[in-house]
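Asker: For the working numbering, add 1 to where a residue sits in the sequence shown, where the first one is 1. Yeah, the Cβ is synthetic: ideal placement off N, Cα and C, and Gly gets one too. Owing to the predicted nature of the structure, the values given are computational and were not obtained by experimental measurement.
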Amino acid sequence: MKWRGRRGSGNIIDRRRAGGRGRGVAVGGAGGFGLLAIVVVGYFLGVDLTPLLDDGQMQTGGGEITAADEEAAQFVSVTLADTEEIWTDIFANELDRSYDPAELVLFKGATQSACGGASAATGPFYCPPEERIFLDTGFFTTLERQLGAGGDFAAAYVVAHEVAHHVQNELGVLGEINAVRSRSDEATSNALSVRIELQADCFSGIWARSAEAMFGSLEPGDIEEAMNAAARIGDDTLQREAGRTVRPDSFTHGTSEQRQRWFATGYQQGSIAACDTFAADRI
Ligand SMILES: [Zn+2]
């Protein structure tokens, strides 16, 4: 992805120097509070990292801000700015309305959100009541080394996916579906979560298509990096690679095949209407 020297977003809140260090050890552990935070945050649309927790692969973050951290922050800022321009354009053209962008909190180690404690172990997530995305750029290392999804466009896809949850919130989809989920049994709630997540993947595909058309920022191999990331964070793949039994009724984000297919649908069709996972017979 071509991003160096390009315009960044004004909606970044940088908390990386705000005392996350130290607290990160307590919150980042896989023990009581850490797990509780993951359950709470997991409901709020993060990347589901729980299969990684058992085998101690998670890095808990904290420490000095390195040159690599600064570069990652600039990359996130440019990617976020791209999403703002793209969704403003799509909202105007397809829905005849304005787009109110999300803020993105950069943290290192640990921070608090209205959706619970955020740590390296929770992964990036979107918190609807705050309309904010929470991201520790150390996750990009986890994505590449532990999850096998390297490349800058894999990282950009993660940012675009979290922004997609904000788009869903703007559209009223999140509030509506989460209200139904709160009075559903676990299997039904999980099945609805999968449809939310696959729609976010489809919206991420729209973003990729628009980035290519509006900015010419894609490079050869970028779409493959996003498609690989979508596969690597599929529920079936995460469970299998963690040595667990694959249990479809526990899926909250969709299989690798589903995540790839919905990303591809958004990329090929480029419209919000094409991403109605809630109306689809086959997801
Ligand atoms: Zn999500």
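Measuring straight from C-alpha to C-alpha, what distance separates residue 226 and residue 152?
Answerer: 6 Å
Asker: Can you tell me which of 205, 264, 191 and 262 puts its alpha carbon nearest to the alpha carbon of residue 250?
Answerer: Of 205, 264, 191 and 262, the residue nearest in Cα terms is 191.
Asker: Quick one: what does DSSP say residue 134 is sitting in, helix, strand or coil?
Answerer: strand
Asker: Please find out if some non-hydrogen atom of ligand 1 comes closer than 7 Å to the beta-carbon of residue 166.
Answerer: yes
Asker: Among the residues of its own chain, which have a CB less than 6 Å from the CB of residue 223, if the five just before and after it don't count?
Answerer: 2 and 154
Asker: Are the CB atoms of residue 110 and residue 205 nearer to each other than 8 Å?
Answerer: no
Asker: Comparing C-alpha positions only, which one of 271, 233, 112 and 244 sits nearest to residue 290?
Answerer: In the structure as shown, the chain starts at 2 and stops at 284, and residue 290 therefore has no counterpart that could be examined.
Asker: Quick check on residue 116: does DSSP put it in helix, strand or coil?
Answerer: In this structure, residue 116 counts as coil in the three-state DSSP scheme.
Asker: DSSP three-state call for residue 186: helix, strand or coil?
Answerer: coil
Asker: Residue 42 to residue 119, Cα distance in whole Å?
Answerer: Low confidence applies here, because residue 42 scores a pLDDT of 40, under 50, leaving its location unreliable and the question unanswered by this model.
Asker: Going by the beta-carbon positions, is the gap between residue 132 and residue 170 smaller than 8 Å?
Answerer: yes
Asker: Assign residue 161 to one of two classes, buried (16 or more other C-beta atoms within 10 Å of its C-beta) or exposed (fewer than that).
Answerer: Under the 10 Å beta carbon count, residue 161 is surrounded by 16 or more other beta carbons and is classified as buried.
Asker: Is residue 155 near ligand 1, in the sense that its beta carbon is under 7 Å from a heavy atom of that ligand?
Answerer: Checking every heavy atom of ligand 1 against the Cβ of residue 155, none is found closer than 7 Å.
Asker: Compute the Euclidean distance between the alpha carbons of residue 189 and residue 65, then round it to the nearest angstrom.
Answerer: 43 Å
Asker: Report yes if the CB atom of residue 149 is closer than 8 Å to the CB atom of residue 121, and no otherwise.
Answerer: With a cutoff of 8 Å on beta-carbon distance, residue 149 and residue 121 are scored as not near each other.
Asker: Please look up how many angstroms separate the CB atoms of residue 259 and residue 199, rounded, as I've assumed it's under 8 Å.
Answerer: 6 Å
Asker: Along the chain, where does the beta strand (DSSP E) that runs through residue 104 open and close?
Answerer: It spans 104–107 - the beta strand (DSSP E) in which residue 104 sits, taken as one unbroken run.
Asker: Taking three-plus beta-carbon pairs below 8 Å as touching, is the segment 177–184 in contact with the segment 91–103?
Answerer: no
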